[in-house]
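Numbering (my numbering), first residue to last: 17 to 443. The beta-carbon is built from N, C-alpha and C at its ideal position, and this holds for glycine as well.
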Amino acid sequence: MSKKTCVIVGSQWGDEGKGKIVDYLASEFQAVVRYQGGNNAGHTVIVNGEKSVLHLLPSGIFSSNTCNVIAHGVVVEPAALVKEIEMIQSKGHSITSNNLCISSSATVITTYAKMLDLARENNADTQKIGTTGKGIGPSYEDKVARRAIRMGDLLDMTILKKKLEGLWKERAFVLLQLYGVKNIPRVEEEATKLFELGKKLAPFIREEIAILDKIAEQGGKVLYEGAQGVMLDVNFGTYPFVTSSNTTIGGVYTGSYVPGFTIDRVIGITKAYTTRVGEGAFPSELKNELGDSIQQKGNEVGATTGRKRRCGWLDLAQLKYAVKVSGITEIALTKIDILMNLGSLNVVMAYKYREQVYDRYHLGMNVEEIEPIVQSLAPLVGEIKASMSRSDLPKSVDAYLTLIEKELKIPVSFLAYGPDRTQTLKF
Ligand code: IMP
Numbered sequence: 017m018s019k020k021t022c023v024i025v026g027s028q029w030g031d032e033g034k035g036k037i038v039d040y041l042a043s044e045f046q047a048v049v050r051y052q053g054g055n056n057a058g059h060t061v062i063v064n065g066e067k068s069v070l071h072l073l074p075s076g077i078f079s080s081n082t083c084n085v086i087a088h089g090v091v092v093e094p095a096a097l098v099k100e101i102e103m104i105q106s107k108g109h110s111i112t113s114n115n116l117c118i119s120s121s122a123t124v125i126t127t128y129a130k131m132l133d134l135a136r137e138n139n140a141d142t143q144k145i146g147t148t149g150k151g152i153g154p155s156y157e158d159k160v161a162r163r164a165i166r167m168g169d170l171l172d173m174t175i176l177k178k179k180l181e182g183l184w185k186e187r188a189f190v191l192l193q194l195y196g197v198k199n200i201p202r203v204e205e206e207a208t209k210l211f212e213l214g215k216k217l218a219p220f221i222r223e224e225i226a227i228l229d230k231i232a233e234q235g236g237k238v239l240y241e242g243a244q245g246v247m248l249d250v251n252f253g254t255y256p257f258v259t260s261s262n263t264t265i266g267g268v269y270t271g272s273y274v275p276g277f278t279i280d281r282v283i284g285i286t287k288a289y290t291t292r293v294g295e296g297a298f299p300s301e302l303k304n305e306l307g308d309s310i311q312q313k314g315n316e317v318g319a320t321t322g323r324k325r326r327c328g329w330l331d332l333a334q335l336k337y338a339v340k341v342s343g344i345t346e347i348a349l350t351k352i353d354i355l356m357n358l359g360s361l362n363v364v365m366a367y368k369y370r371e372q373v374y375d376r377y378h379l380g381m382n383v384e385e386i387e388p389i390v391q392s393l394a395p396l397v398g399e400i401k402a403s404m405s406r407s408d409l410p411k412s413v414d415a416y417l418t419l420i421e422k423e424l425k426i427p428v429s430f431l432a433y434g435p436d437r438t439q440t441l442k443f
């Protein structure tokens, strides 16, 4: 059976290197579809030494024959998207209605949503999540409350104003009365700003289902690009320290459209160690010098917020859960170069939790109470070079991959050993 539909999911807490792998694979696909999240994501792609950080544009944008779709499950900040399109165009890459489609049903992130996100984070009485401050949570609230502005609404001033009236009333009340936020833009001001941005985005705003159906009818292949990671999923993640979308496989079906409804491959992008940014514990965290040195060597700094990411060992108990709940069929292991010649290597094999041993994370476990069961491994030594086959890899690296495969019961089919597109091995 030819494999036509492939999904990329982050298998940890985000920042696994999804953008790099999507860019690497994109030329094999006729469409790359972002299906959830918004500009809280930061997907770094390096092609021929040129680095670009994408927040909303799918990472297939550098492949000339690929159509990039921002599907209806995404929350879009129009100003951020216009800026990103112009930034990529200024580097000489073409973005036209031939290679970019923005779903007319995607949710708009309004100034009110952004203000509310920040007001909550800065308020001493509310639970701090450590959000990216981009208005993601309040925008998904607008969506499920059935009052969101959608991308198609930006093209009609009358509809836009009418919808904003309803939204403004409630948001302005909460912002001012509950959080003391002033300078809340009036409807007229917000509508004018969004309408002007809508004019710039108009050529790209369409209904994506017909586009994906046409690609499928012509025998084309579609790649779905997830943002964040399994453990940040609003349902399956370490709630409440999660994002507000479905980062797991279910998000593909609800946040976009899958012609034929069949997903053939789910690649779990997995960093060779673990990182987390924002609030919320993680079991394998290294709160010591080694954690700091991995942070520095791996340049573990948030691509969206510039915050330092906390680092720890690879956590197989967490990954077994991710594979299970997101239907992951293979692993793309990234940033192995950061662990090379580090002098030590540990891995979390299981958890002790409330006096019992578990081989994997279970939904609802209080992460603070998890005691990781750690195993020491032979440190990774040697050098990984272009075009190496699996059998050419340094022995310690091969052993690390073998352990991961044995525990997760799926193959490691890609190994990334540097940030550039070319520094990727396919087995
Ligand atoms: P929000 O998505 O901005 O609401 O943030 C909720 C949580 O998800 C916070 O802990 C963020 O740090 C985290 N988060 C959101 N997007 C990303 C990402 O792309 N990578 C890693 N963490 C993220």
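Thinking C-beta only, is residue j closer than 8 Å to residue i?
| i | j | result |
| --- | --- | --- |
| V92 | A47 | no |
| A164 | S119 | no |
| G245 | Q28 | yes |
| V428 | F298 | no |
| G242 | Q391 | no |
| P388 | S360 | no |
| R280 | T438 | A small fix is needed here, since residue 280 is Asp in this sequence, not Arg. Contact: no. |
| C153 | D169 | The question names Cys, but residue 153 is Gly in the sequence shown. No. Outside cutoff. |
| T181 | V197 | What sits at residue 181 in the sequence shown is Glu, not Thr. No, they are not a contact pair. |
| A288 | L355 | yes |
| H71 | G35 | no |
| Y195 | A140 | no |
| L239 | L41 | yes |
| L176 | F220 | no |
| G307 | R326 | yes |
| G89 | G267 | yes |
| E346 | I400 | no |
| G328 | S309 | no |
| V445 | D31 | Not covered by the structure: residue 445. The range shown for the chain is 17 to 443. |
Residue i: beta carbon under 7 Å from a heavy atom of the ligand IMP?
| i | result |
| --- | --- |
| W329 | no |
| V258 | yes |
| I285 | no |
| I152 | yes |
| I111 | no |
| D31 | yes |
| A57 | yes |
| A243 | yes |
| E305 | no |
| V293 | yes |
| G267 | no |
| I145 | yes |
| G320 | Note that residue 320 is Thr in the sequence shown here, rather than Gly. Flag set: Cβ of T320 near the ligand IMP. |
| G296 | yes |
Taking all protein chains shown into account, do 16 or more other C-beta atoms lie within 10 angstroms of the C-beta of residue i, making it buried, or fewer, making it exposed?
| i | result |
| --- | --- |
| Q334 | buried |
| L2 | Here the chain comprises residues numbered 17 to 443, so residue 2 is not present and cannot be evaluated. |
| V373 | exposed |
| V124 | buried |
| K67 | exposed |
| G33 | buried |
| M17 | With a pLDDT of 43 at M17, under the threshold of 50, the modelled position of this residue cannot be trusted; read the value that follows with caution. Exposed. |
| F252 | buried |
| A161 | exposed |
| N115 | buried |
| N56 | buried |
| F189 | exposed |
| N262 | buried |
Where does residue i sit, in a helix, a strand or coil, going by DSSP?
| i | result |
| --- | --- |
| A232 | helix |
| Y156 | helix |
| M17 | Its pLDDT being 43, under 50, M17 is placed unreliably in this model, and the value from its coordinates should be taken loosely. In this structure, M17 counts as coil in the three-state DSSP scheme. |
| S392 | strand |
| V413 | helix |
| V397 | coil |
| Y273 | coil |
| K179 | helix |
| M356 | coil |
| Y240 | strand |
| V250 | coil |
| V190 | helix |
To which residues of the same chain is residue i closer than 8 Å at the C-beta, ignoring the five residues directly before and after it?
| i | result |
| --- | --- |
| E385 | Y369, R370 |
| F277 | Y269 |
Given residue i, which residues of its chain have a CB within under 6 Å of its CB, disregarding the five upstream and five downstream residues?
| i | result |
| --- | --- |
| G398 | P410 |
| R323 | V293 |
| A348 | I37, I283, I285, F430 |
| R376 | A333, K336, Y337 |
| W184 | V203 |
| K442 | F430 |
Only counting the same chain, and skipping five residues up and downstream in sequence, which positions put a Cβ closer than 7 Å to that of residue i?
| i | result |
| --- | --- |
| P256 | Q143, I145 |
| A218 | L171 |
| S260 | I152, G153, Y156, V250 |
| E423 | L332, K336 |
Please report whether the beta-carbon of residue i lies at a distance below 8 Å from any beta-carbon of chain C.
| i | result |
| --- | --- |
| P410 | Absent from the structure is chain C; it holds one protein chain and no more. |
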